[in-house]
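Visitor:
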């Protein structure tokens, strides 16, 4: 049975306009749910609603009766008595001011209003279940938990090794890792979706603290049948007019490369624009063109026979860890910084 008392705020943002012609269980006056767990209805504005409250317990009973098709089956699933389910269902209908089920020859059939309600109730109930699962996960974390946002290129190369090393030192430490693009990092941190973001830096923002971990070099990735060969260096001028896989929308790496080309008045023939370094590297492997990518991506894919060459006028990006400025000292995140420096250095 779900712990419905824990989901008041989850339900608040979900229930909107559930019925239509008659007032819904969630056309609330202000905010949807009161502090006692009631869903506020427009009791004063519609004569069918008697008391104006719909409890989350009612939602749970309605959900299971609808799903199971009978009161007895719902009672078995919820591990409660059949009379308890019947009483709660009748009370829900009294509060709503309309029937949820039609009782015909001992069977229950949902009314049109119930059909309309269920699409919304199903979403609420799914969030209730998700809430419970999250609470169980939180309760089981004894060594700390880090929500990590990383650039796609880092998610394939550096981050797996980083997590493996951290877990070797602390077997109870858990992670939630998601890829995020540069322009999304500051908003994501401010909204507290992540504890730590790893990338190539972002525009200064007083709300976010940036810690420099190390420098990442941009290198040229090319097909094995082309030049420069593996381990050689190249001049940017060699790329003038050459077929290239561009990274026009890939954040700091694309911006640095574009500025270098413009300053040197070099115009590569950009035949494809990719949005991530890994897509670009895959296109290089198929002979579409060469591409300038970060060294993490290049090293992880160069083993497939591709050429990796460094620019004679090296291009570097700052590998940066970002967190909320107001978060203050955090020993767990500090240990993350130390491990990242070891890996990158």
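Numbering (our numbering), first residue to last: 4 to 348. Beta carbons: idealized from backbone N, C-alpha and C, even for Gly.
1) For residue 302 and residue 207, I'd like the C-alpha separation in whole angstroms.
2) Within the continuous alpha helix (DSSP H) that includes residue 101, where are the two ends?
3) Does DSSP put residue 184 in a helix, a strand or coil?
4) Indicate whether the contact test is met: 3 or more Cβ pairs, each with one atom in the segment 214-222 and one in the segment 318-328, closer than 8 Å.
5) Is the segment 332-344 close to the segment 263-270, with three or more CB pairs under 8 Å?
6) Anyone know if the C-beta pair for residue 174 and residue 335 falls short of 7 Å?
7) Measuring straight from C-alpha to C-alpha, what distance separates residue 2 and residue 194?
8) What are the start and end residues of each continuous alpha helix (DSSP H) run of 4 or more residues lying completely inside the segment 260-337, in chain order?
9) Do you know offhand how far residue 96's Cα is from residue 129's?
10) In the DSSP assignment, find the unbroken alpha helix (DSSP H) run with residue 81 in it and report its ends.
11) My output table needs one value for residue 226: the three-state DSSP class, helix, strand or coil.
12) Using a Cβ-Cβ cutoff of less than 7 Å, which residues in the same chain neighbour residue 209 once the five nearest sequence positions on both sides are dropped?
13) Report, in whole angstroms, the separation of the C-beta atoms of residue 248 and residue 277, which I expect to be a contact under 8 Å.
14) So, at 7 Å on beta carbons, what are the nonlocal neighbours of residue 165 in its own chain, with the 5 sequence-adjacent residues on each side left out?
15) Identify which residue in 61, 101 and 172 has its Cα closest to the Cα of residue 115.
16) By the 10 Å Cβ neighbour count, where 16 or more other Cβ atoms means buried, how is residue 293 classified, buried or exposed?
17) What is the DSSP secondary structure of residue 53, reduced to helix, strand or coil?
18) For residue 181, count neighbouring Cβ atoms within 10 angstroms of its own Cβ and tell me buried if that reaches 16, exposed if not.
19) With 7 Å as the threshold, decide whether the Cβ of residue 74 is near any Cβ in chain B.
Guide: On the basis of the coordinates in this document:
1) 30 Å
2) Careful: residue 101 lies outside any alpha helix (DSSP H) and carries neither H nor E.
3) Of the three classes helix, strand and coil, the one that applies to residue 184 here is coil, per DSSP.
4) Result yes; three or more Cβ-Cβ pairs closer than 8 Å.
5) Touching, no, given that fewer than three Cβ pairs across the two stretches are closer than 8 Å.
6) no
7) The structure shown has nothing for residue 2, since the chain only spans 4 to 348.
8) 280-288 and 298-304
9) 22 Å
10) 74-81
11) coil
12) 328
13) 6 Å
14) A distance below 7 Å between beta-carbons, with the five flanking residues on each side excluded, links residue 165 to the following residues of its chain, in chain order: 342, 343 and 346.
15) The shortest C-alpha separation from residue 115 is found at 101.
16) Around the C-beta of residue 293, 16 or more other C-beta atoms lie within 10 Å, and the residue is accordingly described as buried.
17) Caution applies to residue 53, whose pLDDT of 40 falls short of 50 and renders its modelled position unreliable; the model cannot decide the point.
18) exposed
19) Absent here is chain B; the protein component of the structure consists of one chain.
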